[in-house]
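Start counting at 1 in the sequence shown, then tack on 4, and there's your number in the working numbering.
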Amino acid sequence: MKKRFLVIGAHPDDADFAFAGTAAKIAKEGGEVFLGVVTDGSKGEDVLKQKKGKLLAKKREEEQKNSAKITGVRDVYFLREKDGEIENDYNLRKKLVRIIREIKPDIVVSFDPGNFSFEGFYRFHRDHRISAVAVFDAVYPAAGSSNFFPELLKEGLNVHNVNELWFFSTKKSEFTIDISDTIDVKIKSLLEHKSQIKDTKKFAEKIRERAKKEGTEKISYGESFRKIKMN
Ligand SMILES: [Zn+2]
Numbered sequence: 005m006k007k008r009f010l011v012i013g014a015h016p017d018d019a020d021f022a023f024a025g026t027a028a029k030i031a032k033e034g035g036e037v038f039l040g041v042v043t044d045g046s047k048g049e050d051v052l053k054q055k056k057g058k059l060l061a062k063k064r065e066e067e068q069k070n071s072a073k074i075t076g077v078r079d080v081y082f083l084r085e086k087d088g089e090i091e092n093d094y095n096l097r098k099k100l101v102r103i104i105r106e107i108k109p110d111i112v113v114s115f116d117p118g119n120f121s122f123e124g125f126y127r128f129h130r131d132h133r134i135s136a137v138a139v140f141d142a143v144y145p146a147a148g149s150s151n152f153f154p155e156l157l158k159e160g161l162n163v164h165n166v167n168e169l170w171f172f173s174t175k176k177s178e179f180t181i182d183i184s185d186t187i188d189v190k191i192k193s194l195l196e197h198k199s200q201i202k203d204t205k206k207f208a209e210k211i212r213e214r215a216k217k218e219g220t221e222k223i224s225y226g227e228s229f230r231k232i233k234m235n
């Protein structure tokens, strides 16, 4: 997959849970992966004092950078919105359009904006729902139209049309990437999110189990997605 991917999660670690195995595979095969992280992750543990939240946000950025090094991600863009309090507004869409026009990815990957049925919890987290829709709105039509955010054109950030959108954490997965060769890299990269992990061994087992579940008869370990072709 010699393509350029931009993977956008709501919190530090979201993209790794969904895509780290595929990211490592793409990097191995000569493609490029960039990460975008919408929130600062400052509510990732009980933080009663604001100062503690800020410290946690800083720590989680470091963890995300370390994890990205392991999978071969080229660069991480932190949008630093407040954890748990994002809105799909002009400000967030502009930040998203900015990185899309800067990176110029062939494929953008994020949470499924169709996740609104609330029969579980993780994929329906407010930040996951809102960032999913905001990413879609940023890709289409905003990033590819000079009518949107013309002030970015003046900065030299020209319009960019994304070819495909892939959605993770989806209920309607359509294809599975074989990550059997990179499952160990995925686990290693996720273990870098130390502030979020209590029991390292149990955590690693859970990741392996989930990848097995997402696999198929022919794929031992997988990551699955839904896809929309944009042109
Ligand atoms: Zn998350």
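Glycine included, every Cβ here is placed at the ideal spot set by N, Cα and C.
Checklist entry - By how many angstroms is the C-alpha of F171 removed from the C-alpha of D185? => result 22 Å
Checklist entry - Can you tell me whether S193 is buried or exposed, with buried defined as 16 or more other CB within 10 angstroms of its CB? => result buried
Checklist entry - What does a CB cutoff of less than 8 Å around K69 pick up in its chain, not counting 5 residues either side in sequence? => result V80
Next on the checklist: Please tell me whether, using a cut-off of 7 Å, the distance from the CB of G13 to the nearest non-hydrogen atom of ligand 1 is below it.
Outcome noted: yes
Item to check | Proximity to N165 [Cα-Cα], best of E106, K176, A61 | outcome: E106
Checklist entry - At which residues does the beta strand (DSSP E) containing E168 begin and terminate? => result 168–172
Next on the checklist: For a minimum of 4 consecutive residues, which ranges assigned as the alpha helix (DSSP H) are wholly contained in the segment 123–182?
Outcome noted: 130–143, 154–158
Item to check | Buried/exposed call for N92, threshold 16 Cβ in 10 Å | outcome: buried
Next on the checklist: If I follow the unbroken beta strand (DSSP E) through S227, where does it start and stop?
Outcome noted: At residue 227 the sequence reads Glu, which differs from the Ser that was named. Run containing E227: 226–233, per the beta strand (DSSP E) assignment.
Item to check | D141 versus S135: straight-line alpha-carbon distance, rounded | outcome: If I take the Cα positions, the gap works out to 10 Å.
Next on the checklist: Below 8 Å on the Cβ atoms is my contact criterion, and I expect A22 with S177 to pass it. Report the Cβ-Cβ distance as a whole number of Å.
Outcome noted: That belief does not hold up - the Cβ atoms of A22 and S177 are roughly 11 Å apart, past 8 Å.
Next on the checklist: Three or more C-beta pairs under 8 Å: does that hold for the segment 103–118 against the segment 148–164?
Outcome noted: yes
Item to check | Whole-number beta carbon distance between V101 and F38, since they are thought to touch under 8 Å | outcome: Not confirmed; about 15 Å, so no contact.
Checklist entry - Measuring from the CB of H197, is there a heavy atom of ligand 1 at a distance below 7 Å? => result No, the Cβ of H197 stays beyond 7 Å of every heavy atom of ligand 1.
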